[in-house]
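K.L.:
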Amino acid sequence: MSSRNKGRDRRPKPLEVVKYGHPALRSKGRRIEKIDDSIRTLAEEMIVTMYEEDGCGLAAHQVGRSIQLAVIDVMPAQEDRPSRAWMNGRELELESLMPLVMINPEVHPVGKERSREIEGCLSMPGLHDEVERPARVRIVCQDIDGSTLDFEAEGLLSRAAQHEVDHLHGILFIDHLTPGELTEHQPLLRKFQAQTIGF
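Under our numbering, the very last position in the sequence shown is 715; numbers go up by exactly one each time.
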């Protein structure tokens with residue numbers, strides 16, 4: 517992505533992450549038909565924002581844009597929550613994928629194994645709970661250059677991809693919780709909603 521910055525006068529700036537209650541978080545993202553400089557700039561700014569917020573993933577909806585774009589970087593968490601990825605049956609060096617820009621992504625479960633792990637969300641800071649998801653998935657998307665990426669992932673990368681693709685369809689990780697689990701989080705959710713009144 518750095519080569520795309522030649523000739524630009526500015527560095528990518530961090531964006532504001534919208535909180536639970538913002539309408540963008542419940543909208544279905546429109547497909548990106550053309551990857552132009554505005555999309556590339558947004559992706560760069562989202563990556564900067566993700567790092568600033570100490571997250572491993574960020575969807576465009578979380579910066580108020582309802583489009584099919586998300587970014588991921590699982591490398592900082594590799595020691596505690598490892599990831600693996602394969603393309604055409606060969607294991608990939610994770611560093612070669614990160615930071616991952618996913619445009620118009622699709623995620624498909626591979627096999628029947630499921631895992632249950634803690635998730636959180638930058639749009640709901642401080643709220644965490646266990647979510648069950650497929651353990652291994654196939655991810656198909658376009659990258660920032662418009663090329664098609666098609667690979668399989670396990671571990672945090674699998675979970676992050678599923679979490680972010682959910683965002684692009686207006687689904688939040690709390691939607692996977694039981695009514696009882698959701699009830700426990702209502703005080704914090706009401707606090708977020710109160711802060712977003714006016715949008």
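Glycine included, every Cβ here is placed at the ideal spot set by N, Cα and C.
Report the CB separation of His-624 from Arg-649 in whole angstroms; it is logged as a contact under 8 Å.
P.N.:
The sequence position of residue 624 within the sequence shown is 108, counting from 1. The sequence position of residue 649 within the sequence shown is 133, counting from 1. Not really, about 13 Å apart at Cβ, beyond 8 Å.
K.L.:
Comparing alpha-carbon positions, which option in Asp-553, Asn-620, Val-534 and Met-566 lies nearest Arg-546?
P.N.:
For the purposes of this step, residue 546 is identified with residue 30 of the sequence shown, where counting begins at 1. It is Asn-620 whose Cα lies nearest to the Cα of Arg-546.
K.L.:
Once you ignore the five residues that flank Leu-643 on each side, which residues in its own chain have a CB closer than 6 Å to its CB?
P.N.:
The sequence position of residue 643 within the sequence shown is 127, counting from 1. Taken in chain order, the residues that qualify are His-701 and Leu-704.
K.L.:
Short of 8 Å in beta carbon distance, which residues of its chain neighbour Thr-664, apart from the five on each side in sequence? Order them along the chain.
P.N.:
Taking the first residue of the sequence shown as 1, we reach residue 664 at position 148. Result list for Thr-664: Val-656, Cys-657 and Gln-658, in chain order.
K.L.:
Would you call the region 569 to 579 and the region 668 to 686 in contact, with 3 or more CB pairs under 8 Å?
P.N.:
Contact between the region 569 to 579 and the region 668 to 686 is present, because at least three Cβ pairs lie under 8 Å.
K.L.:
Just the C-alpha distance for Glu-549 and Gly-662, rounded to the nearest angstrom, thanks.
P.N.:
Within the sequence shown, residue 549 is the residue found at index 33, counting from 1. Within the sequence shown, residue 662 is the residue found at index 146, counting from 1. Between Glu-549 and Gly-662, the C-alpha separation is close to 10 Å.
K.L.:
Can you tell which of Gln-594, Phe-708 and Arg-581 has the C-alpha that lies nearest to the C-alpha of Glu-611?
P.N.:
Counting from one through the sequence shown, the residue named residue 611 turns up at place 95. Ranking Gln-594, Phe-708 and Arg-581 by Cα distance to Glu-611 puts Gln-594 first.
K.L.:
Could you please give the first and the last residue of the uninterrupted alpha helix (DSSP H) stretch that includes Phe-667?
P.N.:
Along the sequence shown, read from residue 1 onward, the residue named residue 667 stands at position 151. Counting along the chain, Phe-667 falls outside any alpha helix (DSSP H), though it belongs to the beta strand (DSSP E) covering 664 to 671.
K.L.:
Find the nearest neighbour of Val-626 within the set Asp-589, Ser-674, Glu-568 and Arg-706, judged by alpha-carbon distance.
P.N.:
Working through the sequence shown from its first residue, we reach residue 626 at position 110. Among Asp-589, Ser-674, Glu-568 and Arg-706, the Cα nearest to that of Val-626 belongs to Ser-674.
K.L.:
Can you list, in chain order, the stretches of the beta strand (DSSP E) that have 3 or more residues and sit fully within the region 538 to 589?
P.N.:
DSSP runs (the beta strand (DSSP E)) wholly in the region 538 to 589: 573 to 575 and 585 to 588.
K.L.:
Are the C-beta atoms of Ser-599 and some chain E residue less than 8 Å apart?
P.N.:
Judged by its chain identifiers, the structure shown contains no chain E, having just a single protein chain.
K.L.:
For Leu-616, collect the residues of the same chain with a Cβ closer than 6 Å to its Cβ; drop the 5 residues on either side in sequence, then sort them by chain order.
P.N.:
As a working mapping, residue 616 is identified with position 100 in the sequence shown. Closer than 6 Å at the Cβ level, and outside the excluded window around Leu-616, lie Ile-588.
K.L.:
Could you tell me whether the Cβ atoms of Glu-568 and Pro-528 are closer together than 8 Å?
P.N.:
In the sequence shown, residue 568 corresponds to position 52, counting from 1. In the sequence shown, residue 528 corresponds to position 12, counting from 1. No.
K.L.:
Terminal residues of the continuous beta strand (DSSP E) containing Glu-633?
P.N.:
Position 117 of the sequence shown holds residue 633. Counting along the chain, the beta strand (DSSP E) containing Glu-633 begins and ends at 630 to 636.
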